[in-house]
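K.L.:
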Amino acid sequence: GAVVSQHPSWVICKSGTSVKIECRSLDFQATTMFWYRQFPKQSLMLMATSNEGSKATYEQGVEKDKFLINHASLTLSTLTVTSAHPEDSSFYICSAQTPAGGSTDTQYFGPGTRLTVL
Amino acid sequence: QQPVQSPQAVILREGEDAVINCSSSKALYSVHWYRQKHGEAPVFLMILLKGGEQKGHDKISASFNEKKQQSSLYLTASQLSYSGTYFCGTRHTDKLIFGTGTRLQVFP
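Keeping their order, the protein sequence lines are chains A and B. The first sequence begins at 1 in the numbering used here and counts up by one. The second sequence begins at 1001 in the numbering used here and counts up by one.
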C-alpha cells in the first residue's frame, strides 16, 4: 500500500514556458502533500506544504508566484513552475502523508520528475 | 535547521558493517530514515518515535537517543542492494526536514 505517482517522469522545456507536475496518492487519501526539490548530490529541500482545500504554505525563499501549488482533492496535488528558467532545472519530488495522526505520520514519496529547462 | 549526518560517505565491501549518525540542534520528536537510489525517490525504511527506541528489519536497525538529539542507523553484513544515499528526517510540526545525507557504496 501507500503508493504515490508523479507525472511526468521527466520534462524538457524552453526557458519562459510553464510546466505542470502532478502528484497522486493512489491507494489512500492524503490531506497533506509536500513538494521537494533536489539538486544533484544534495539533500531534499522542502519547498511547500500542500493541504487539501486550502492555500499552500511555502518555505522561506521559495517564490509562491513562481511555484504554484494546487491541492484540489484528497488524492491530487499539482505543482506548476511558471516562466521556467535554466536555474529551475532540478529533480522535483512530491510526498503524501498517511493520515495516522501526529508524529507517527509517514511520508511516501512519488518517483520524482526531472525538469530540464533549456 | 537541517540535521547533520556523518559520515558524508562510506565505502564498504559486501558483508561489512556501517553506522550512520544523524544529529539535530533542535529537540527531536521522531526520526525517519530513508534510502534513495540514484535518480529515484526516497524509500521509507523506518520511523522511531520514542527516546531509547530501537527497531530493525532484516539487517538494518536504528536507535534514537532523545536526550542527545541523535539517531543512528546500523547496517549489518551489508549487501550490494544497500548502496544508495541514506537520509534521516526529523519532524518539526507538520514538516519533515531531511538531513545532509550519507552516500553508501557496497562493492563485491
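In this text, a Cβ means the ideal position worked out from N, Cα and C, and glycines have one as well. Since this is a predicted model, take the numbers as computed values, not measurements.
By the 7 Å beta-carbon criterion, what residues does the region 72-96 of chain A contribute toward chain B?
P.N.:
Ile93
K.L.:
Quick test of your reading: Gln1036 (chain B) and Thr1100 (chain B), contact by CB under 8 Å. State the CB separation rounded to the nearest angstrom.
P.N.:
Taking the second sequence and counting its residues from 1, one reaches residue 1036 (chain B) at position 36. Taking the second sequence and counting its residues from 1, one reaches residue 1100 (chain B) at position 100. In this structure, Gln1036 (chain B) and Thr1100 (chain B) do not form a Cβ contact; the two beta carbons are roughly 13 Å apart against a cut-off of 8 Å.
K.L.:
Does the region 23-32 of chain A come within contact of the region 1065-1073 of chain B, defined as at least 3 CB pairs closer than 8 Å?
P.N.:
no
K.L.:
Can you give me, in chain order, the residues of the region 1079-1102 of chain B that have a beta carbon less than 9 Å from any beta carbon in chain A?
P.N.:
Listed by position, the residues of the region 1079-1102 of chain B near chain A (Cβ gap below 9 Å) are Thr1085, Phe1087, Gly1089, Arg1091, Asp1094, Lys1095, Leu1096, Ile1097, Phe1098, Gly1099, Thr1100 and Gly1101.
K.L.:
What does the Cβ neighbour count give for Pro8 (chain A), buried or exposed, with the cut at 16 atoms within 10 Å?
P.N.:
As a working note, residue 8 (chain A) is residue 8 in the first sequence. That one is exposed.
K.L.:
Starting from Pro1042 (chain B), find everything on chain A with Cβ-Cβ shorter than 8 Å and list it in chain order.
P.N.:
One-based indexing of the second sequence puts residue 1042 (chain B) at position 42. Within chain A, the residues near Pro1042 (chain B) are Leu44, Ile93 and Phe109.
K.L.:
Would you grab the beta carbon distance between Gln1001 (chain B) and Lys1026 (chain B) for me? Rounded to a whole angstrom, and I think it's under 8 Å.
P.N.:
Against the second sequence, residue 1001 (chain B) aligns to sequence position 1. Against the second sequence, residue 1026 (chain B) aligns to sequence position 26. Indeed, because the Cβ distance is near 6 Å, the residues count as touching under 8 Å.
K.L.:
Name, going along the chain, the residues of the region 1047-1075 of chain B whose beta-carbon falls closer than 7 Å to a beta-carbon of chain A.
P.N.:
Flagged, chain order: Ile1047 and Leu1049.
K.L.:
Using a 10 Å radius around the Cβ and a threshold of 16 neighbouring Cβ atoms, would you call Leu79 (chain A) buried or exposed?
P.N.:
By 1-based counting over the first sequence, the position of residue 79 (chain A) is 79. By the 16-neighbour rule on beta-carbons within 10 angstroms, Leu79 (chain A) is buried.
K.L.:
How far does the beta strand (DSSP E) with Gln1005 (chain B) in it reach, from first residue to last?
P.N.:
Walking along the second sequence from the start, residue 1005 (chain B) turns up at place 5. Unbroken beta strand (DSSP E) run through Gln1005 (chain B): Val1004 to Ser1006.
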